[in-house]
Each structure stands twice: as structure tokens, then as C-alpha cells.
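Read through the structure below, which is laid out as C-alpha cells, and then see the notes.
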Amino acid sequence: MSQDADAVSRREALMIAGGAALVAASPFTLGKAMADTTTITPDAQDVFLVIDVQNDFLPGGSLAVKNGDQVIAPINALAKKFPNVIQTQDWHTKAHVSFASSHDGAKPFEVTKLSYGDQVLWPDHCIQGSKGAAFSDQLDLPMVQLVIRKGYHQSVDSYSAFVEADKVTKTGLAGYLTERGIKRCFVAGLATDFCVAWTALDARKAGFETYVIEDASRGIDALGSMAAAIRNMDAAGVKRIQSSAILGA
Ligand code: VGL
Ligand code: ZN
Numbered sequence: 308m309s310q311d312a313d314a315v316s317r318r319e320a321l322m323i324a325g326g327a328a329l330v331a332a333s334p335f336t337l338g339k340a341m342a343d344t345t346t347i348t349p350d351a352q353d354v355f356l357v358i359d360v361q362n363d364f365l366p367g368g369s370l371a372v373k374n375g376d377q378v379i380a381p382i383n384a385l386a387k388k389f390p391n392v393i394q395t396q397d398w399h400t401k402a403h404v405s406f407a408s409s410h411d412g413a414k415p416f417e418v419t420k421l422s423y424g425d426q427v428l429w430p431d432h433c434i435q436g437s438k439g440a441a442f443s444d445q446l447d448l449p450m451v452q453l454v455i456r457k458g459y460h461q462s463v464d465s466y467s468a469f470v471e472a473d474k475v476t477k478t479g480l481a482g483y484l485t486e487r488g489i490k491r492c493f494v495a496g497l498a499t500d501f502c503v504a505w506t507a508l509d510a511r512k513a514g515f516e517t518y519v520i521e522d523a524s525r526g527i528d529a530l531g532s533m534a535a536a537i538r539n540m541d542a543a544g545v546k547r548i549q550s551s552a553i554l555g556a
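Residue numbering for the sequence shown is 308 to 556, as defined by my numbering.
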């Protein structure tokens with residue numbers, strides 16, 4: 308099957324299974340992906356990147372991701388298995404360029420053109436120091452070694468934990484991980500189709516073997532973004548796995 312056809316059939320399978328059923332589903336329902344059935348034991352060269360589990364992305368938040376709170380239990384369990392855990396925190400200035408409210412007449416979820424390319428415009432979210440920018444108090448992650456903030460440059464967004472949306476400005480994370488001898492990145496959190504996917508794609512570009520843990524992530528799915536993210540991740544060699552590959556069945 309071609310990669311595209313495969314991505315489409317998987318997407319259909321995901322849609323049929325539905326979010327809740329997918330969590331419970333056996334890894335075998337995902338078909339050929341061997342990584343789904345392999346038990347992974349994280350070691351010192353592995354890092355777990357917990358992406359943007361912040362109040363604004365959770366139910367009741369200004370940019371709530373549907374069922375976003377369902378990532379918290381698997382993330383808490385997964386983090387205990389990793390020798391290295393890092394969190395990211397979306398951390399915008401007031402009137403950030405990614406906010407629809409910063410553009411005359413614009414509405415959330417519209418796309419505009421900025422100097423660095425297309426930018427989806429969002430409701431105001433994750434403003435530095437706000438309650439919405441704080442991590443969920445349901446997270447149990449005392450072992451986190453580094454919190455990397457992103458999106459703090461007024462006129463550049465940053466979905467990725469590695470490189471800002473201008474595709475040039477680096478956050479320093481690749482250098483940090485390389486100095487720490489990290490070889491594999493495991494990525495989960497919010498949102499699958501934006502910050503999780505962009506982080507995973509840049510982790511691959513930086514040379515890390517990269518896994519997205521699907522059932523510990525949830526997507527926004529604006530303008531076909533979920534399908535595009537899955538296509539892009541598959542094409543880049545990002546492996547998609549379930550948390551059971553690490554936690555056991
Ligand atoms: C995110 C949209 C805007 C994310 C952040 O964490 O996926 N999405 N800012
Ligand atoms: Zn943001």
C-alpha cells in the first residue's frame with residue numbers, strides 16, 4: 308500500500324474506533340506497525356517530552372483540546388518509566404502575533420500570512436504568568452529535569468520545542484539533549500497535530516529516533532490538521548506507538 312493510502316486507511320480506522328475505543332484497543336488493531344507490539348524499556352539515552360499540558364489546552368481553557376485531560380493519567384504513568392523527563396510550556400506575550408485578537412477583523416482558527424509563512428490564528432492562550440499558562444495541577448511530574456518555554460517572541464509563534472515557526476530560531480533543546488547524550492525522544496501531550504507533531508518532526512530533523520505516544524496525546528484537528536500531521540510524521544519516520552508499548556499491556 309502507498310504511504311498515503313496507508314495513512315488514509317489508518318485515519319479511517321481511527322475515526323471508526325473513536326477516541327475512547329482507541330485507548331482501550333489492542334495494539335494489534337494498528338496493523339503493520341511493529342513498534343506498536345514491541346515492548347520498550349526506556350534507558351538513560353531516552354527522553355520523554357511532555358508537551359504543553361497547560362490549563363488553557365484542557366477542558367475549560369481558552370483553547371481547550373477535546374478530551375485533553377485524558378492525556379494526564381498515561382503521562383503520569385509513562386514519566387515514572389523514563390530516566391529523563393522534560394516538559395514544554397507554551398508561553399506567549401500579551402497580544403502575541405499568533406492571537407486572532409492581535410489582527411484587525413480576524414477570527415480564531417483563520418489562517419493569515421506572516422513574514423515567515425502561514426499562521427493559524429488562535430484564541431488568546433498561555434499568556435506568561437497566567438493561570439491558563441500554568442501546568443495542570445493533575446500532573447504528577449516531580450522528576451522533570453527541564454521546562455522549556457516557547458512562543459515568547461512577540462512576532463514569532465513556536466509549536467515546536469526545538470525550532471520556532473520562522474524555521475530558523477532555535478530554542479536550544481537539541482543542543483541540550485545532545486550534550487546529555489540523548490538518542491531517542493518520546494513525545495506526548497497537547498496537541499497531537501500542532502505542538503506534539505511539530506516537536507516530533509524537528510526531533511527527527513535533529514537526528515533523534517522519535518516516537519509519538521498517541522494515546523497520551525490529543526489533537527485540535529482544525530482545517531484537516533490531524534490528517535496532515537499524521538501524514539507528515541509517517542513520511543518523516545516518526546514512529547507512532549501506544550503507551551502500552553512502554554507500560555506493558
Ligand atoms: C498549541 C496552538 C497554539 C499546542 C500551542 O500546544 O499544540 N497549539 N499554541
Ligand atoms: Zn500557542
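Idealized CB from N, CA, C, for every residue including glycine.
As the structure is a computational prediction, the values presented were derived from the model and not from experiment.
Inset, instruction - May I ask which residues mark the beginning and end of the beta strand (DSSP E) holding Ala371? - result: Neither: Ala371 is in no beta strand (DSSP E) and is coded neither H nor E.
Inset, instruction - Verify whether the separation of the beta carbon atoms of Val494 and Leu356 is less than 9 Å. - result: yes
Legend entry - Beta-carbon proximity of Phe406 to Ala498, cut-off 9 Å: no
Inset, instruction - Answer with buried or exposed for Lys420, where buried requires no fewer than 16 other C-beta atoms within 10 angstroms of its C-beta. - result: exposed
Inset, instruction - Spatial neighbours of Val360 within its chain, please: CB distance less than 7 Å, with the 5 preceding and 5 following residues excluded, ordered by chain position. - result: Val378, Ile379, Ile382, Phe442, Ser443, Leu446, Gly496, Leu497
Legend entry - Neighbour-count burial assignment, Phe368, 16 or more Cβ in a 10 Å radius: It is worth fixing the name first, because residue 368 is Gly in this sequence and not Phe. So Gly368 ends up on the buried side.
Legend entry - Neighbourhood of Leu453 by C-beta, 8 Å cutoff - its chain only, sequence neighbours within 5 removed: Ile393, Gln394, Tyr483
Inset, instruction - With DSSP as the reference, label Ala552 as helix, strand or coil. - result: helix
Inset, instruction - Please list, in chain order, all residues of the same chain as Ser409 whose beta carbon is under 7 Å from its beta carbon, the five residues on each side excluded. - result: Ala402, His403
Inset, instruction - Return the CA-CA distance between Ala552 and Thr346, expressed in angstroms with no decimal places. - result: 5 Å
Inset, instruction - Determine the closest residue to Asp376 out of Asp522, Asp500, Val354, with distance taken between C-alpha atoms. - result: Asp522
Legend entry - Contact set for Glu516: own chain, Cβ-Cβ below 6 Å, skip 5 residues either direction: Arg491
Inset, instruction - Rounded to whole angstroms, what's the CA-CA distance from Ala536 to Asp350? Just pull it up for me. - result: 28 Å
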